[in-house]
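Take a look at the structure below.
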Amino acid sequence: MEISDILIYQDNDIIVVEKPVNMPTQPDKTGDEALSTFLERNLVPGKEVYVGVVHRLDRPVGGVMVFARSRLAAEKLSTQMKTRECEKYYLAVVYGKVNPPTGTLVDYLWKDGHRNVSQVVAAHHPDAKKASLAYRVVGFHEEKALSLVEIELHTGRHHQIRVQWQSRGHPVYGDQKYGRGFTRGGQQLALWSYRLGFTHPKTGEYLIFQKKPPARYPWILFPSWYKD
């Protein structure tokens, strides 16, 4: 993989890239090369540079991400992420027909750190964290009984999108962790970070970056999405 394969935008303060699926955002216990490490080593030929992680995508999730190129930029971007001043939109293919076609999902989630899973719990659970997202159905494939859903993420909880949809009987296609009874081995998780908006940490300009998911199954079941 080359930098040019994933680069969307860069300047002296930020770098926006398309995260490859099945690549960790940061180093983990697998020892596989992380995206942050790859950028540090390859952004400037022959020189290792600072790359600040300001948000994360689950390993099987691909799509738009921003990294900081200075500690000051990292601080400002991290603040935007925490205070929800940025916009994060995802696309997901989920099992079944989603009704109503638009809505908001609000739950309380608890992360089991020992098993690296999250689940919906009662609001009074001592470690519960509120999770919220808005959605709209943008496509339905009758034969495969799969829905294409656009998601605006309001909070960034552990495995949030995957858990909230699974709890409603619509697990994300290819989810090997939460799609039991639906997903078969070898299927790729159909969850994609397709739109990211934030204020540039130096210029103050509001920037929006978009990247469509790859034209492969199950995304290709919804060809109208790829029309400009």
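Numbering-wise, the sequence shown is residues 1 to 228 according to UniProt numbering. Yeah, the Cβ is synthetic: ideal placement off N, Cα and C, and Gly gets one too. On a predicted model such as this, the values are computed, not experimentally measured, just so you know.
- By the Cβ-count criterion, Lys88 is buried, with 16 or more other Cβ atoms from all chains shown falling within 10 Å of its own Cβ.
- Proximity of the segment 125-143 to the segment 78-87 falls short of the contact definition, fewer than three beta-carbon pairs being nearer than 8 Å.
- Setting aside the 5 residues that flank it on each side, Arg162 is surrounded in the same chain by Val172, Asp175 and Tyr178, each with a C-beta closer than 6 Å to its C-beta; the list follows chain order.
- Between Met65 and Ser193, the C-beta gap is smaller than 9 Å, which places the two residues in contact.
- The segment 93-109 and the segment 141-154 touch, with no fewer than 3 CB-CB distances between them shorter than 8 Å.
- Beta-bridge annotation (DSSP): Val51 is not paired with any residue.
- Rounded to the nearest angstrom, the gap between the Cα atoms of Phe140 and Pro218 is 12 Å.
- Going by DSSP, Glu75 is part of the alpha helix (DSSP H) stretching over Arg71 to Lys82.
- With fewer than 16 other Cβ atoms from the protein chains shown falling within 10 Å of its own Cβ, Ala122 counts as exposed.
- By the C-beta density criterion, Leu72 is exposed, having fewer than 16 other C-beta atoms within 10 angstroms.
- Short of 8 Å from the beta carbon of Met1, and not among the five residues preceding or following it, lie these beta carbons of its own chain, in chain order: Pro20 and Phe38.
- Within its own chain, the residues whose Cβ lies closer than 7 Å to the Cβ of Gly197, once the five positions on either side in sequence are excluded, are Cys86, Glu87, Tyr206, Leu207 and Ile208, listed in chain order.
- For Thr104, the enclosing beta strand (DSSP E) has its first and last residue at Thr102 to Asp112.
- Distance check between Glu18 and each of Val138, Ser147, Pro213 and Val149 places Pro213 closest, using alpha-carbon atoms only.
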